[in-house]
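>
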Amino acid sequence: MYTQAMSTRDIMLNKTGEILIPKAKWCDSYFTRMRGFTFTKPVQEKQGLVLVNARDSRVDSSITMFFVNYDLGVIWVNSKGRVVDTLVAKSWRPSYASKDPARYVIEGHPSILDKVEIGDLITFVQ
32 MYTQAMSTRD IMLNKTGEIL IPKAKWCDSY FTRMRGFTFT KPVQEKQGLV LVNARDSRVD
92 SSITMFFVNY DLGVIWVNSK GRVVDTLVAK SWRPSYASKD PARYVIEGHP SILDKVEIGD
152 LITFVQ
């Protein structure tokens, strides 16, 4: 059986140039977005993923925490790279959605939220 390796991107905070998450998993297929962090060990600092949607949307960028046994720091980013919302997503909650439409959902260790504010610019570096 052939399985394609998942691509990765570094997540850079533009105002400082800091790489928030090196080699974040780039989840741009239906399966990888649905899988996310379900049934996995707790995420470590500097570990994360990016759920990639086709367009800016509150509905498409909503997430569920069912089958995730730990809290996550979540950052919603629009297609222009601007952070539009952040929060700590609690384990086993039915759903979370951003205040404003977003195309990208960054999920990582909750400590990532200490470095990011709404309005910041994010770049995904290949």
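First residue of the sequence shown: 32, per the numbering used here; consecutive thereafter.
C-beta atoms are modelled at their ideal positions from N, C-alpha and C, and glycine is treated no differently.
What does the alpha-carbon distance come out to for the pair Phe98 and Asp41?
As a first step, residue 98 must be located in the sequence shown, where it is residue number 67. As a first step, residue 41 must be located in the sequence shown, where it is residue number 10. So the two alpha carbons sit approximately 26 Å from each other.
> So the candidates are Arg89, Val115, Val156, Asp145; which of them puts its Cα closest to the Cα of Tyr127?
Here the question's residue 127 lines up with position 96 in the sequence shown. Checking every option, the nearest Cα to that of Tyr127 belongs to Arg89.
> Using the C-alpha atoms, what's the distance from Trp57 back to Ser169?
What is shown of the chain runs 32 to 157, which leaves residue 169 out entirely.
> Is the CB-CB distance between Val114 and Val108 below 8 Å?
By 1-based counting over the sequence shown, the position of residue 114 is 83. By 1-based counting over the sequence shown, the position of residue 108 is 77. Going by C-beta atoms, Val114 is nearer than 8 Å to Val108.
> Report the three-state DSSP secondary structure of Tyr61 (helix, strand or coil).
For the purposes of this step, residue 61 is taken as residue 30 along the sequence shown, with counting starting at 1. In this structure, Tyr61 counts as helix in the three-state DSSP scheme.
> If I follow the unbroken beta strand (DSSP E) through Tyr135, where does it start and stop?
In the sequence shown, the residue the question calls residue 135 occupies position 104. That run of the beta strand (DSSP E) goes 133-139.
> For Thr34, name the three-state secondary structure that DSSP assigns.
To locate residue 34, count along the sequence shown from 1; it is residue 3. For Thr34, the pLDDT reaches just 45, beneath the cut-off of 50, and the residue's location in the model is therefore unreliable, although a value from the coordinates is still provided. Correct three-state label for Thr34: coil.
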